[in-house]
Amino acid sequence: MLDPKVEAGKPFFNEEPLSKYEVSVLVGVFGDLQGQVICGMTSETAKKIASQMLMTNVEEIDMMSESALCELKNIIVGNASTNLSLTGYRCNITPPLFIMGMEIPDFLKHIHTALAIPLTTPFGEVDMNIALRKDQIN
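In this text, residue positions in the sequence shown follow the working numbering: the first is 4, and each later residue adds one.
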């Protein structure tokens, strides 16, 4: 499906985890850890990733390419959630939310800073922004 040649760069604190990207895919995390994991990229990178996943040339981001990008994000965060559970953190994830454009939905404006891991892929640069906190109730 995708070329596995992905290199992680030096993590940094991203003070614009939503507004700096043309395309974002957000997955919520709840349980022992709560917050969001946001995958941000340019629209060109998104089209290249979707093209590879759909095995066809994607010239515009449509519902099919949006669905492919959301499914990829779901797989990534789902695997991370499983790995966290192996270390004792019980976590579940929400369905992915696709955001096109740099306008932040009101219900996400509380996300100010995230730990970002820049990823270099054969399709372009992608930032994996992690904004999680430990649940204080458990």
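Beta carbons: idealized from backbone N, C-alpha and C, even for Gly.
Around the CB of alanine 11, fewer than 16 other CB atoms lie within 10 Å, so the residue is classed as exposed. Straight-line spacing of the CA atoms in phenylalanine 33 and glutamate 18 works out to 22 Å.
About 4 Å separates the CB atoms of proline 20 and alanine 117; that is less than 8 Å, so the two are in contact. Nearest neighbour of tyrosine 92 by Cα position, chosen from Leu72, Asp35, Asn60 and Asn132, turns out to be Asp35.
Taking 8 Å as the cut-off, the beta carbon of alanine 71 is found closer than this to the beta carbon of methionine 56.
About 6 Å separates the Cβ atoms of proline 125 and lysine 8, confirming a contact at the 8 Å cut-off. Annotation: aspartate 138 to phenylalanine 110 spans about 20 Å, alpha carbon to alpha carbon. Taken atom to atom, the span from the alpha-carbon of isoleucine 120 to that of tyrosine 24 is near 14 Å. For glycine 127, same chain residues with a beta-carbon under 7 Å away, outside a window of 5 residues either side, are Met44, Thr45, Glu47, Thr48 and Lys51 in chain order.
Relative to leucine 122, the option among Glu69, Ile41, Thr97 and Thr90 whose CA is nearest is Ile41. Only residues of its own chain outside the window of five on either side were considered, and among them Val32, Cys94, Asn95 and Ile96 have a CB closer than 8 Å to the CB of serine 84, listed in chain order.
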